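*Asks:*
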Amino acid sequence: MSTKKITAPAASIEDNYTEYLDEECGFAYDIAEQMTRQDIATQDAIIQASPQELRALEDAMTAPVNGLHLWMLARAWEQAGEMGRYFDLCARLLAAEEAHPLVIYPEISRRVARQHALAGDFERAQRRLRAHQERWADDAQAAQLAALIGYLASPEANDSALRTLVAKSAEDAEIRFEIAEDLWLFERPDAAAAWLDEAGEVARQFDPATLVDVELLRARMARARTTA
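Remember, the working numbering sits 104 above the position in the sequence shown when you count from 1.
This is the structure:
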């Protein structure tokens, strides 16, 4: 589910899979089958809207606000480069008392925390994650993201929280791969390479399937170095 206008696809699944996942973030897996006619009409209006029209659509929303439409609007503001509006609508969505069945709220919450961290605002990222973990205490992905952001925010690059996290999963190559990928996305290439090597070692022993992901990421990192 995307609120973006259609553009040419990337060259391969490897190149655009992460983007695809991000576009679908926050939307239920079966949303295409479950959307009402009004949902579809609202989506179409949002996709084609100018910033002025987005504002009008937002102002026209009546209480109780439809969470699906609010998330569509938030993504449209993001595409327009209006991150302030995007974050405001996300905060409103996450604070809503009534949950929409086609909106995956924990995904949105983690995404907001990650975006704050990518912008270098680790304090806001950590604040969002604290609220997240109070609401969804068993969310392992949030715990992993919190450990990662704690490392990124640490002046001395203290990775003890990450080490504690993976110590519980000695045979889990995937979690080490995910940490490596995140560190690379956060422009920590040396740390990413070290975690990727560790992921590869664990994968060779316990999880050959993840070794494919490890080598694909290693190739992407190598290409990035040669084109930098």
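The beta-carbon is built from N, C-alpha and C at its ideal position, and this holds for glycine as well.
Keep in mind the model is a prediction, meaning the values are calculated, not measured.
#1: Out of M176, Y190 and A246, state which residue places its alpha-carbon closest to the alpha-carbon of Q142.
#2: According to DSSP, is V169 part of a helix, a strand, or is it coil?
#3: Could you tell me if Y133 is buried or exposed, where buried requires 16 or more neighbouring beta carbons within 10 angstroms of its beta carbon?
#4: So which of I279, G224, L287 and A178 has the shortest CA-CA distance to Y190?
#5: Does the stretch 245 to 254 come close enough to the stretch 184 to 202 that 3 or more CB-CB pairs lie under 8 Å?
#6: Since I believe F131 is in contact with L206 (beta carbons under 8 Å), could you give me their beta-carbon distance rounded to a whole number of angstroms?
#7: On the CB-based measure, 16 or more other CB atoms within 10 Å of its CB, does E238 come out buried or exposed?
#8: Can you grab the Cα-Cα spacing for the pair Q248 / T146, in whole Å?
#9: Does the stretch 264 to 279 come within contact of the stretch 223 to 236, defined as at least 3 CB pairs closer than 8 Å?
#10: Enumerated in chain order, which unbroken segments of the beta strand (DSSP E) with a length of 3 residues or greater are wholly contained in the stretch 183 to 240?
#11: Kindly indicate which three-state DSSP category F290 falls into: helix, strand or coil?
#12: Of the choices D317, P259 and A298, whose alpha-carbon is the least far from that of L61?
#13: Does the Cβ of I144 have 16 or more other Cβ atoms within 10 Å, making it buried, or fewer, making it exposed?
#14: Out of I212, A241 and D242, state which residue places its alpha-carbon closest to the alpha-carbon of A229.
#15: Measuring alpha carbon to alpha carbon, tell me which of A200, I150 and I151 ends up nearest N170.
*Replies:* Straight from the coordinates:
#1: Checking every option, the nearest Cα to that of Q142 belongs to M176.
#2: In the three-state DSSP reduction, V169 falls in the coil class, being neither helix nor strand.
#3: Under the 10 Å beta carbon count, Y133 is surrounded by fewer than 16 other beta carbons and is classified as exposed.
#4: Per the C-alpha coordinates, the member of I279, G224, L287 and A178 positioned closest to Y190 is A178.
#5: Per the Cβ contact rule, the stretch 184 to 202 is not in contact with the stretch 245 to 254 (fewer than 3 Cβ pairs under 8 Å).
#6: Rounded, the Cβ-Cβ distance is 7 Å, consistent with contact.
#7: Looking at its Cβ environment, which holds fewer than 16 other Cβ atoms inside 10 Å, E238 is exposed.
#8: Rounded to whole angstroms, Q248 and T146 show a C-alpha spacing of 35 Å.
#9: A contact between stretches requires three or more CB pairs, one per stretch, nearer than 8 Å, and the stretch 264 to 279 fails this requirement with the stretch 223 to 236.
#10: Those beta strand (DSSP E) runs which fall completely within the stretch 183 to 240 and span 3+ residues do not exist here.
#11: In the three-state scheme derived from DSSP, where H, G and I count as helix and E and B as strand, F290 is classed as coil.
#12: This structure gives no information on residue 61, because the portion of the chain shown stretches from 105 to 332.
#13: When all chains shown are included, I144 counts as exposed.
#14: It is I212.
#15: The alpha carbon of N170 has as its nearest neighbour, out of A200, I150 and I151, the alpha carbon of A200.
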